[in-house]
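Asks: I'd like to ask some things about the structure below.
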């Protein structure tokens with residue numbers, strides 16, 4: 623009788639153990655599925671800019687970019703005759719996935735040859751877009767060229783002209799390129815890209831020539847004040863200008879930058895990309911963030927720093943992440959004081975806000 627009870631007890635324990643293991647495996651799979659869905663559903667956002675995810679064709683993702691003159695509105699009444707892609711500067715944010723083979727056809731509607739370089743990406747030499755040293759073509763006016771390569775990396779990258787760079791890049795031929803990893807294991811609710819640019823508006827002068835409140839008080843010549851403040855209008859971009867006087871996030875200056883509206887408790891990733899001539903220490907009010915990636919490379923958790931300011935040098939990309947725990951409207955801006963003003967001397971420039979609501 624005792625042996626019989628031992629056998630029954632053993633069977634019961636075995637059944638309970640098997641059931642527990644099945645439940646644990648099932649729950650883990652569900653959690654993993656939910657995590658992947660959550661991460662994949664955090665679509666890339668570029669406030670104010672177009673997102674291109676490519677058109678699937680026989681296993682290849684195809685994109686179209688047109689380099690062309692654009693009239694860019696930086697803020698109310700201040701416009702510039704610039705260059706861009708698909709009607710804006712920066713151009714659309716390209717989004718793809720690690721392992722994708724992409725074909726990016728670039729058509730040149732400019733008055734001079736151009737090319738496109740895929741900043742930070744490992745591509746074949748003839749697809750790198752630097753015609754002066756590589757076997758890659760200059761795209762003549764009215765012509766097109768298709769860049770083809772497979773994405774072996776993931777992270778935050780950029781694209782820009784690499785023909786007559788000192789002119790074309792600073793005229794606005796730039797854009798961001800986000801490659802999502804095969805394994806979506808970094809959870810965020812919101813994933814936002816911000817491209818940092820700066821401009822010298824021809825005839826506007828450097829910030830040293832612009833009017834300030836003190837100059838209003840001390841100037842005795844009315845003509846000096848009129849010359850210092852720029853009138854609203856359409857300006858030419860001087861790509862060789864060494865004193866930029868308009869600073870933008872995704873092609874806009876405050877107060878025309880688009881605020882980031884998020885819910886309390888949401889996790890947020892911001893991808894900074896900088897194709898300007900200067901570094902920009904981007905400072906966030908309302909709390910710290912973690913620095914999680916540099917130039918497309920994920921930083922290990924043990925090396926991720928808690929900061930409230932990250933210096934984004936020219937040609938760099940940095941990813942930060944934070945949880946929105948502080949309800950309110952919080953500025954995020956370049957911390958170089960003269961980068962937060964516009965060509966007319968007013969507060970503006972490389973400045974936007976994060977609006978956290980309950």
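In this note's numbering, the protein residues as written are 623 to 980.
In this text, a Cβ means the ideal position worked out from N, Cα and C, and glycines have one as well.
Can you tell me whether residue 922 is buried or exposed? The criterion is at least 16 other CB atoms within 10 Å of its CB, across all chains shown.
Replies: Sequence index remark: in the chain shown, residue 922 carries index 300 (1-based). Residue 922 should be labelled exposed.
Asks: Based on Cα-Cα distance, which residue from 764, 718, 702 lies nearest to residue 676?
Replies: Residue numbering aside, residue 676 sits at position 54 when the chain shown is read from its first letter. Per the Cα distances, 718.
Asks: Looking only at its own chain, which residues have a Cβ that is under 8 Å from the Cβ of residue 758, when we skip the five neighbours before and after it?
Replies: Counting from one through the chain shown, the residue named residue 758 turns up at place 136. Correct list, in chain order: 737, 747, 748, 749, 750, 751, 752.
Asks: Identify the residues that DSSP records as bridge partners of residue 702: which are they?
Replies: Counting from one through the chain shown, the residue named residue 702 turns up at place 80. DSSP, once it has assigned bridges, lists 694, 857 as partnering residue 702.
Asks: Tell me the rounded alpha-carbon separation between residue 703 and residue 911.
Replies: As a working note, residue 703 is residue 81 in the chain shown. As a working note, residue 911 is residue 289 in the chain shown. Between residue 703 and residue 911, the C-alpha separation is close to 37 Å.
Asks: Quick one: Cα of residue 853 to Cα of residue 920, how far?
Replies: The residue you call residue 853 lines up with position 231 of the chain shown. The residue you call residue 920 lines up with position 298 of the chain shown. About 45 Å.
Asks: Going by beta carbon distance, what residues of the same chain come within less than 6 Å of residue 863, once the five residues before and after it are set aside?
Replies: Indexing the chain shown from 1 puts residue 863 at position 241. Only 822 meet the Cβ criterion.
Asks: Per DSSP, residue 884 forms a beta bridge with which residues?
Replies: Along the chain shown, one-based indexing puts residue 884 at 262. In the DSSP output, where bridge partners are listed per residue, residue 884 has 978.
Asks: Just to confirm, are residue 962 and residue 894 a CB contact at a threshold of 8 Å?
Replies: Start at 1 with the first residue of the chain shown, and residue 962 comes out as number 340. Start at 1 with the first residue of the chain shown, and residue 894 comes out as number 272. It is not a contact, given that the beta carbons lie outside the stated cut-off.
Asks: Between residue 861 and the rest of its own chain, which residues show a CB-CB distance below 7 Å, the 5 nearest in sequence each way excluded?
Replies: The count along the chain shown starts at 1 and reaches residue 861 at position 239. Within the same chain, residue 861 has close Cβ partners 788, 789, 792, 793.
Asks: Can you have a look at residue 908 and say buried or exposed, based on whether 16 or more other CB atoms are within 10 angstroms of its CB?
Replies: Stepping through the chain shown from its first residue, residue 908 is reached at position 286. Residue 908 comes out buried.
Asks: Of all the alpha helix (DSSP H) runs that stay within the bounds of the region 752–832, which reach a length of 4 or more residues?
Replies: When DSSP assignments are scanned along the region 752–832, the uninterrupted stretches of alpha helix (DSSP H) that are 4 or more residues long and fall wholly within it turn out to be 787–793.
Asks: Out of 917, 937, 941, which has the shortest C-alpha to C-alpha gap to residue 927?
Replies: Within the chain shown, the letter at position 305 stands for residue 927. Closest by alpha carbon: 941.
Asks: Would DSSP call residue 972 helix, strand or coil?
Replies: Stepping through the chain shown from its first residue, residue 972 is reached at position 350. Here residue 972 sits in coil by DSSP.
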